[in-house]
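Protein chains in written order, with my numbering: chain W, 43 to 342; chain R, 2 to 488. Even for Gly, the Cβ is constructed at its ideal location relative to N, Cα and C. Below is one structure, written out as structure tokens; the observations come after it.
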Amino acid sequence: MNQTLTKRRKLRLESDSGWGYAFIAVALIAFCLFTAYPVINAFMISLQEYRPLGSTYVGLENFKNSFTDELFWKAIKNTAVYTLLTVPINILISFLIAILIIPFKKRTQTVFKAIYYLPAVASGVAMAVVWLWIFDPLKSGIANQIVMFFGMENQNWLGSSATAMFSLVLMSWLSSHGTAIIIYLAALLGIDNSYYEAAEIDGATFLQKLWFIVIPFLKPTTLFLLVTGIIGSFQVFQNAYLMTGGGPDHATTMVGLLIFNNAFTYFEFGEAAAQSLVLAAIIAIVSFIQFKFLGKDIEY
Amino acid sequence: MKKGLRGFTMLLTVIMLVSLLAACGGKNNNTPNATNNAGNATNSGGNSSESLEKDTITALLPPASANFQARFPEMEKEFNEMYPHLTLKIEPASWEDMTQKLDTQVNAGSPPDIAWVGSTAISKYAALDVLLDLNQVLSDEVKADYDEVPMKFFQLGDAQYGLPAYLAIHSIGGNKQFLEEAGIDYKAVQENGWTYDEFREAIKAGVVKDDKGNTSRYGFVFATSGVTSKDYLSIMAKSAGLPEYFDEDYKFTYTSKNFLGLLEAIRQMIDDGSMPKELSSIDAGKRWNMFLTGQTMITGKGLASFENSARLNNEKIKANDGSAVADSIEAEYIALPVPSFNGADYIPTAVVDGFIALRGKKEPSEAHLHNIGLAIHYLSSGSVAANFTNELFLSPVSESARNAEVLEVYPRSEENLKADEIMMSKAVAARTDIPTELAAEAIKIETEVIVPKLQALLADEISPQEMYDAVKAAAIKSFGEDGVVVD
Chain W
43 MNQTLTKRRK LRLESDSGWG YAFIAVALIA FCLFTAYPVI NAFMISLQEY
93 RPLGSTYVGL ENFKNSFTDE LFWKAIKNTA VYTLLTVPIN ILISFLIAIL
143 IIPFKKRTQT VFKAIYYLPA VASGVAMAVV WLWIFDPLKS GIANQIVMFF
193 GMENQNWLGS SATAMFSLVL MSWLSSHGTA IIIYLAALLG IDNSYYEAAE
243 IDGATFLQKL WFIVIPFLKP TTLFLLVTGI IGSFQVFQNA YLMTGGGPDH
293 ATTMVGLLIF NNAFTYFEFG EAAAQSLVLA AIIAIVSFIQ FKFLGKDIEY
Chain R
2 MKKGLRGFTM LLTVIMLVSL LAACGGKNNN TPNATNNAGN ATNSGGNSSE
52 SLEKDTITAL LPPASANFQA RFPEMEKEFN EMYPHLTLKI EPASWEDMTQ
102 KLDTQVNAGS PPDIAWVGST AISKYAALDV LLDLNQVLSD EVKADYDEVP
152 MKFFQLGDAQ YGLPAYLAIH SIGGNKQFLE EAGIDYKAVQ ENGWTYDEFR
202 EAIKAGVVKD DKGNTSRYGF VFATSGVTSK DYLSIMAKSA GLPEYFDEDY
252 KFTYTSKNFL GLLEAIRQMI DDGSMPKELS SIDAGKRWNM FLTGQTMITG
302 KGLASFENSA RLNNEKIKAN DGSAVADSIE AEYIALPVPS FNGADYIPTA
352 VVDGFIALRG KKEPSEAHLH NIGLAIHYLS SGSVAANFTN ELFLSPVSES
402 ARNAEVLEVY PRSEENLKAD EIMMSKAVAA RTDIPTELAA EAIKIETEVI
452 VPKLQALLAD EISPQEMYDA VKAAAIKSFG EDGVVVD
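In structure tokens:
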């Protein structure tokens with residue numbers, strides 16, 4: 043009896059599927075520990091008034107408080123505005139840069155890829171310090187030197203509601219395109235040359251080739267960048283935290299920053315967890331809509 | 002797949018998993034749980050000399066002064082020589098990380114035994130029930146070592162949640178040469194203070210414009226951005242008849258007309274051209290740079306140690322040292338009190354930082370609590386306190402620190418020393434009676450309404466009346482019509 047069992051176990055381990063399960067287990071356990079468990083725990087905390095030495099169950103009170111909090115809706119609005127202003131334009135900028143890089147030789151392409159990817163490797167804090175210097179409100183600031191060259195007055199970039207959000211958006215437009223450029227370049231290299239050759243035989247212009255060949259072929263890549271870009275943008279925290287602190291007068295308070303403040307300034311972990319789950323639901327709905335309407339004719 | 006390769010891959014897989022799990026675990030000797038267990042072990046040991054059983058006390062401390070963290074190994078050694086059965090383990094943290102690191106540990110239920118905090122944070126931790134009352138372990142003799150005013154800052158009700166490290170006055174500071182050029186009798190101001198009207202005229206006189214009419218030097222610049230965002234208003238409010246958020250009847254005070262008067266004054270100083278219109282974006286580094294480069298006559302907030310920073314920069318300029326602040330000029334720092342508003346008395350903003358005792362999920366044993374008492378007193382008194390207060394140009398707040406010798410003597414201006422003494426003599430003890438729920442609600446109004454609205458006021462986006470109305474509405478929402486001051 044025992045011999046038969048041992049034989050069976052041995053067979054199971056020796057078969058490829060057994061090893062497959064064993065290897066999958068690593069990722070699965072990591073996922074359970076670092077993704078599934080925190081999400082489930084966040085849901086539990088969202089139903090509690092969290093205290094380190096003993097929490098109390100409060101039902102849906104934290105969700106109710108969030109939905110009736112004006113600041114929460116303002117933060118949602120700010121995040122949506124930031125996302126609308128940054129994600130599509132960033133994708134367009136990355137696409138244009140990739141188009142400009144693709145005609146170069148491989149080595150030159152690599153140099154450009156490295157240059158554009160450099161900000162992603164640099165510390166976010168260091169980048170924020172540089173941008174704070176650029177947005178110096180006094181006349182000596184770099185951004186102010188530029189606007190004053192055009193005859194305008196110096197601007198209080200991060201200290202005025204009129205310019206604070208724009209400053210964060212500008213910061214996003216002018217940095218962090220490295221990943222998207224690399225993905226676009228990989229996709230562009232995947233388009234077979236025969237399409238371009240056929241188009242040239244038909245006398246297609248550069249713009250026609252772009253419109254009828256490149257853009258349709260890059261649609262899955264664009265959808266991927268759009269979905270991941272919107273998810274990342276909805277979770278934006280660092281720039282608002284380091285550059286403006288959410289001010290002035292909450293003009294740049296994003297949901298991520300609000301959640302952070304609730305958790306680590308007021309120790310309202312329950313409300314922070316509830317808001318995190320609401321944010322996750324919003325992101326899921328937006329992503330679903332994108333796949334539903336933009337992903338119809340895309341094959342993977 | 003060959004057997005050997007499979008086995009090797011499996012081994013790597015197991016190592017990876019174990020590494021992941023090990024990273025999640027982490028119950029080592031450094032954790033407070035381990036130290037608490039040590040304390041429990043002493044209890045269960047049944048030894049007659051319980052407190053002499055081995056124990057470890059952990060502390061999370063920032064770079065309170067220039068050489069404070071460099072002395073940690075010596076401090077650990079000295080403490081162990083004083084109490085051979087005890088080990089003091091000090092974890093250094095940067096100022097940037099300190100609060101976040103502590104808060105994360107507190108909320109995970111495993112804080113260090115001792116942590117450095119500003120006394121204003123006590124109500125926050127008290128609301129979480131993680132503070133330890135040291136009354137039971139500190140003898141009367143130990144308590145008598147500390148000055149009464151700073152000691153009160155670490156009390157809530159009857160509980161003594163920690164011990165003070167120093168008391169610092171948040172003041173303002175001027176450039177001696179510019180003050181004299183503007184005709185300001187700074188010695189009289191140091192001695193007698195000044196009213197807002199006198200101050201307003203003085204900073205107007207300090208403004209210098211270039212040939213094109215552009216301001217090349219402001220009369221007054223105060224840091225209002227970043228970590229200093231709430232300093233400006235709170236420091237001025239102390240001397241505007243608003244010494245605390247709550248009056249004796251626990252009514253929220255920022256709804257009084259004094260608050261509106263202060264906001265109007267804050268706006269006036271910018272409209273006069275005495276302060277930059279970009280004030281809402283000036284952070285602590287920028288305003289100090291403006292002081293050293295001669296772009297402002299007076300700067301805030303000011304600390305006693307700024308005199309030394311200015312002196313060191315002056316020496317670098319004289320020595321033609323390239324590390325002096327770019328474009329800086331020689332500047333002699335003069336400590337000045339903030340003006341008083343609305344005809345109120347001058348009350349300096351006294352900042353008391355110090356050490357609190359914390360507990361985790363497990364109740365610490367009596368022996369462990371006693372040992373925390375020994376360690377916290379060691380850190381906040383004697384030569385340890387004498388040296389960090391000396392490096393910060395502050396006066397010690399304990400008798401034992403005053404009597405201890407310091408490692409290095411720094412030169413100080415007699416005028417500033419006297420001015421600081423006058424300001425310190427006017428410091429008032431902290432309120433220990435304000436319930437933690439009220440204090441927490443006030444902090445929320447401060448963060449969500451007062452600071453953001455102040456930024457908008459400084460940027461000229463709302464009027465003082467609009468800011469006053471917004472704060473009043475938020476206060477009534479939180480405390481009710483009867484919970485706020487109406488005058």
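{"query": "Endpoints, the alpha helix (DSSP H) within which D232/R is located", "result": "D232 to K239"}
{"query": "Own chain, CB closer than 6 Å to K116/W, minus 5 neighbours either side, in chain order", "result": "H292"}
{"query": "Length of the line joining the Cα atoms of Q182/R and V189/W", "result": "The question names Gln, but residue 182/R in the sequence shown is Glu. Answer to the nearest angstrom: the Cα atoms are 35 Å apart."}
{"query": "Three-state secondary structure assigned by DSSP to Q1/R", "result": "Here chain R covers residues 2 to 488 and nothing more, so residue 1/R does not appear."}
{"query": "D211/R versus L135/R - alpha carbon distance", "result": "59 Å"}
{"query": "Own chain residues within Cβ distance below 7 Å of S275/W, not counting five before or after", "result": "Y124, T125, T128 and V129"}
{"query": "Close-in-space but distant-in-sequence residues of the same chain around S350/W (CB under 6 Å, 5 per side omitted)", "result": "Because chain W spans 43 through 342 in this model, residue 350/W falls outside it and cannot be assessed."}
{"query": "Min CB distance Q466/R to chain W below 9 Å", "result": "no"}
{"query": "Residue from K181/W, F309/W and N235/W whose Cα sits closest to the Cα of N108/R", "result": "F309/W"}
{"query": "Within chain R, the residues that R149/W reaches when beta carbons sit closer than 8 Å", "result": "By Cβ distance, chain R contributes nothing, its closest Cβ being about 35 Å from R149/W, past 8 Å."}
{"query": "Secondary structure, alpha helix (DSSP H): runs of 4+ residues fully inside the stretch 228 to 290 of chain R", "result": "232 to 239 and 258 to 272"}
{"query": "Candidates F69/R, T105/R and F73/R: closest to G361/R by CA position", "result": "T105/R"}
{"query": "Cutoff 8 Å; reference E449/R; Cβ partners in own chain excluding five residues on either side", "result": "A475"}
{"query": "Min CB distance K125/R to chain W below 9 Å", "result": "yes"}
{"query": "9 Å Cβ cutoff met for A282/W and T294/W", "result": "yes"}
{"query": "Within 9 Å of chain W by C-beta, residues of the stretch 142 to 167 of chain R in sequence order", "result": "none"}
{"query": "Beta-carbon gap between P338/R and S479/R smaller than 9 Å", "result": "no"}
{"query": "Any chain W beta carbon closer than 9 Å to P453/R", "result": "yes"}
{"query": "Minimum Cβ-Cβ distance from S230/R to chain W less than 9 Å", "result": "yes"}
{"query": "Contact set between K445/R and chain W, taken where Cβ atoms lie within less than 8 Å", "result": "Y308"}
{"query": "Min CB distance W115/W to chain R below 9 Å", "result": "no"}
{"query": "7 Å CB neighbourhood of G383/R in its chain, flanking five on each side removed", "result": "S401, A402 and A405"}
{"query": "Beta bridge counterpart(s) of K210/R as assigned by DSSP", "result": "T216/R"}
{"query": "L12/R and T57/R closer than 9 Å at C-beta", "result": "no"}
{"query": "Where R218/R falls, given that 16 or more other Cβ within 10 Å makes a residue buried", "result": "buried"}
{"query": "Which listed residue (T247/W, M213/W, Y237/W and A240/W) has its alpha carbon closest to that of N132/W", "result": "M213/W"}
{"query": "For T294/R and V485/R, believed in contact at Cβ under 8 Å, the rounded distance", "result": "Not quite, the Cβ-Cβ distance comes to about 43 Å (not below 8 Å), so this is no contact."}
{"query": "Straight-line gap, F179/R to A311/R (C-alpha atoms, nearest Å)", "result": "15 Å"}
{"query": "Contact check, F266/W vs Y92/W, beta carbons under 9 Å", "result": "no"}
{"query": "Selection from M169/W, F109/W, E195/W and I224/W that minimises the alpha carbon distance to K148/W", "result": "I224/W"}
{"query": "Contacts of S202/W in chain R (Cβ-Cβ under 8 Å)", "result": "S281, A460 and E462"}
{"query": "Continuous beta strand (DSSP E) stretch holding H171/R: start and end", "result": "G163 to N176"}
{"query": "Contact residues within the stretch 172 to 184 of chain W, judged by C-beta distance below 7 Å to chain R", "result": "P179 and L180"}
{"query": "Three-pair Cβ contact test at 8 Å for the stretch 98 to 115 of chain W versus the stretch 241 to 261 of chain W", "result": "no"}
{"query": "Residue burial classification, G214/R (beta-carbon count within 10 angstroms, cutoff 16)", "result": "exposed"}
{"query": "Backbone secondary structure at T286/W - three-state DSSP", "result": "helix"}
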